[in-house]
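K.L.:
Take the position in the sequence shown, starting the count at 1, then add 17; the result is the number in the working numbering.
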Amino acid sequence: MAKIKVKTPIVEIDGDEMAGVIWKQIKQKLILPYLDIDLKYFDLAIKNRDATEDKITLDAGEAIKKYGVGVKCATITPDEARVKEFGLKKMWKSPNGTIRNILDGTVFREPIICKNVPRLVPGWTQPIVIGRHAFGDQYRATDFIVPGAGTLTMTFTPEDGGAPVTHEIFRFKNPGVAMGMFNLDESIRGFARACFNYGLQRNYPVYLSTKNTILKVYDGRFRDLFKEVFDKEFADKFNRVGLTYEHRLIDDMVAMALKWPGGFVWACKNYDGDVQSDSVAQGFGSLGLMTSVLMTPDGKWIETEAAHGTVTRHYRLYQQGKETSTNPIASIFAWTRGLIYRAKFDSTPDVEAFAKTLERVCVDTVEASHMTKDLATLIGPGQKYLSTNQFLDALETNLKKAVK
18 MAKIKVKTPI
28 VEIDGDEMAG
38 VIWKQIKQKL
48 ILPYLDIDLK
58 YFDLAIKNRD
68 ATEDKITLDA
78 GEAIKKYGVG
88 VKCATITPDE
98 ARVKEFGLKK
108 MWKSPNGTIR
118 NILDGTVFRE
128 PIICKNVPRL
138 VPGWTQPIVI
148 GRHAFGDQYR
158 ATDFIVPGAG
168 TLTMTFTPED
178 GGAPVTHEIF
188 RFKNPGVAMG
198 MFNLDESIRG
208 FARACFNYGL
218 QRNYPVYLST
228 KNTILKVYDG
238 RFRDLFKEVF
248 DKEFADKFNR
258 VGLTYEHRLI
268 DDMVAMALKW
278 PGGFVWACKN
288 YDGDVQSDSV
298 AQGFGSLGLM
308 TSVLMTPDGK
318 WIETEAAHGT
328 VTRHYRLYQQ
338 GKETSTNPIA
348 SIFAWTRGLI
358 YRAKFDSTPD
368 VEAFAKTLER
378 VCVDTVEASH
388 MTKDLATLIG
398 PGQKYLSTNQ
408 FLDALETNLK
418 KAVK
């Protein structure tokens, strides 16, 4: 068949370890044979980020602003052990966090449901969409080691020449650690708009969770601005279609989410969303069955990625020449969701149709009992599984049949 033309370039962001190995195979087997596509390539493998002083990450974020759509592989966020392993110059920040801060968008994560994959939370019969605020908080915090006794203060100096505002945080008698973090009203409002718009698109109610009983000012600001945006811009729209919005304490929201059947958007602050998206993924079956879409409030910039990590343990086996059984579906959906948005922006329905066909092939292949070990383990000890390469070959074969 003739290749389908993708009108506008897509930013391709490569990654690390087993995720990076699979990423290249997906591109070669499932994308490039079918699409005539201009990929603006950025290698965000940890050694390249270190070699460029992390400038490559900033460049990738700016490229998404230029072209509108980026697709991203999982990358390493180094800890002390990784700094030593790779001989890094410093402990570079999360590339995901850096790009999210550049775009100032909201990350929406949603499970990919396969009928034969049992849920760890059996009562979840509908998707739970985690809307994660992708700006500030811990991901742009300044943290440091306090060397000894002393007083920690926080000072805000107005640009208009007004008097500085200083707060005493803590008097240290011994060494410790400290952190200062921030957020912006406009970013919080954008987060709210993105979540409410997504709720309308999916016909789901929206819940915001915070810990405003403890962080009365910080989390209270999220609660107040969400209510402001909802009341002014969305209340009538929600009422017309019978949807609701509610703020809940995160303790209560976690408990209720386990009891409810799903079918709602859960708006979470940055770190909360990081944690809860993994919980939801496991509850529905696997991190390998989770979509992740970063969307700006105006919907003009999109980055899609795999919700899981770099699968280090499997990469160690791969380095030894041993077979692995690594689930590539989340990475495939990073490509397909990016292509779907690209198609919508470009008004190219043939590109969208191809992406949805590839998604359907992934689900149909699993439901036909051809799957990787992580899913087979969930189904039971009698379920056979395929290696990474065998599963990708099965998808390649089924895709060829589906696009004839």
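Beta carbons are placed, not taken as given, at the ideal position from N, Cα and C, and that holds for glycine.
With a 10 Å radius around its C-beta and 16 neighbouring C-beta atoms as the bar for buried, classify Glu320 as buried or exposed.
P.N.:
Indexing the sequence shown from 1 puts residue 320 at position 303. By the 10 Å Cβ count, Glu320 comes out buried.
K.L.:
May I ask which residues mark the beginning and end of the beta strand (DSSP E) holding Met312?
P.N.:
Taking the sequence shown and counting its residues from 1, the one referred to as residue 312 is at position 295. 307-312 is the extent of the beta strand (DSSP E) around Met312.
K.L.:
If you follow the alpha helix (DSSP H) that Glu4 is part of, which residue opens it and which one closes it?
P.N.:
Since the first residue of the chain shown is 18 and the last is 421, residue 4 is not available in this structure.
K.L.:
Whole angstroms is fine: what's the gap from Asp202's alpha carbon to Leu275's?
P.N.:
Taking the first residue of the sequence shown as 1, we reach residue 202 at position 185. Taking the first residue of the sequence shown as 1, we reach residue 275 at position 258. Approximately 31 Å, taken between the alpha carbons.
K.L.:
Tell me the residue span of the alpha helix (DSSP H) that contains Lys276.
P.N.:
Mapped onto the sequence shown, residue 276 falls at position 259. For Lys276, the uninterrupted alpha helix (DSSP H) run begins and ends at 267-276, by DSSP.
K.L.:
Just grab the DSSP bridge partners of Thr69 for me.
P.N.:
Residue numbering aside, residue 69 sits at position 52 when the sequence shown is read from its first letter. For Thr69, which the question treats as bridged, DSSP gives no partner whatsoever.
K.L.:
Return the chain-ordered ranges of every beta strand (DSSP E) run that is complete within the segment 194-265 and spans a minimum of 3 residues.
P.N.:
Segments of the beta strand (DSSP E) lying fully in the segment 194-265: 223-227.
K.L.:
Who are the near neighbours of Leu47 in its chain, counting only those whose CB is closer than 7 Å to its CB and skipping five residues on each side?
P.N.:
Reading the sequence shown from its first residue, position 30 is the one you call residue 47. Excluding sequence neighbours, Leu47 sits near Ile349, Leu375, Leu412, Glu413, Leu416.
K.L.:
Using DSSP's beta-bridge definition, name the partner residues of Tyr51.
P.N.:
In the sequence shown, residue 51 corresponds to position 34, counting from 1. In the DSSP output, where bridge partners are listed per residue, Tyr51 has none listed.
K.L.:
Tell me the DSSP secondary structure of Met171 in three-state form.
P.N.:
Locating residue 171 in the sequence shown gives position 154, where the first residue counts as 1. Correct three-state label for Met171: strand.
K.L.:
Please report the straight-line C-alpha distance between Asp60 and Ile116, rounded to a whole angstrom.
P.N.:
The sequence position of residue 60 within the sequence shown is 43, counting from 1. The sequence position of residue 116 within the sequence shown is 99, counting from 1. C-alpha separation (whole angstroms): 14 Å.
K.L.:
From the DSSP output, read off the bridge partner residues of His150.
P.N.:
Against the sequence shown, residue 150 aligns to sequence position 133. Beta-bridge pairing links His150 to Thr123.
K.L.:
Please classify Pro128: does DSSP put it in a helix, a strand, or coil?
P.N.:
By 1-based counting over the sequence shown, the position of residue 128 is 111. Looking at Pro128 - three-state DSSP - the assignment turns out to be strand.
K.L.:
Classify Ala98 as buried or exposed, calling it buried when 16 or more other Cβ atoms lie within 10 Å of its own Cβ.
P.N.:
Working through the sequence shown from its first residue, we reach residue 98 at position 81. Exposed: under 16 other Cβ atoms inside 10 Å.
K.L.:
Determine the extent of the beta strand (DSSP E) in which Leu56 is found, giving its start and end residues.
P.N.:
In the sequence shown, the residue the question calls residue 56 occupies position 39. For Leu56, the uninterrupted beta strand (DSSP E) segment begins and ends at 56-60.
K.L.:
Looking at C-beta atoms only, is the number of pairs between the segment 308-325 and the segment 178-193 that lie closer than 8 Å three or more?
P.N.:
no
K.L.:
Are there 16 or more other CB atoms within 10 angstroms of the CB of Arg359, so buried, or fewer, so exposed?
P.N.:
For this step, residue 359 is matched to residue 342 along the sequence shown. The residue is buried, with at least 16 neighbouring Cβ atoms inside 10 Å.
K.L.:
Would you call Asp53 buried or exposed, if buried means 16 or more other Cβ atoms sit within 10 Å of its Cβ?
P.N.:
Numbered from 1 along the sequence shown, position 36 holds the residue referred to as residue 53. Counting Cβ neighbours within 10 Å, Asp53 comes out exposed, since fewer than 16 surround it.
K.L.:
Measuring alpha carbon to alpha carbon, tell me which of Val138, Met198, Lys390 ends up nearest His331.
P.N.:
The count along the sequence shown starts at 1 and reaches residue 331 at position 314. It is Lys390 whose Cα lies nearest to the Cα of His331.
K.L.:
Going by Cα to Cα distance, which pick from Ile231, Ser386, Ser303, Arg240 is closest to Gln400?
P.N.:
Walking along the sequence shown from the start, residue 400 turns up at place 383. When only C-alpha atoms are compared, the closest one is Ser386.
K.L.:
To the nearest angstrom, report how far apart Gly259 and Lys228 are at their CA atoms.
P.N.:
Working through the sequence shown from its first residue, we reach residue 259 at position 242. Working through the sequence shown from its first residue, we reach residue 228 at position 211. About 27 Å.
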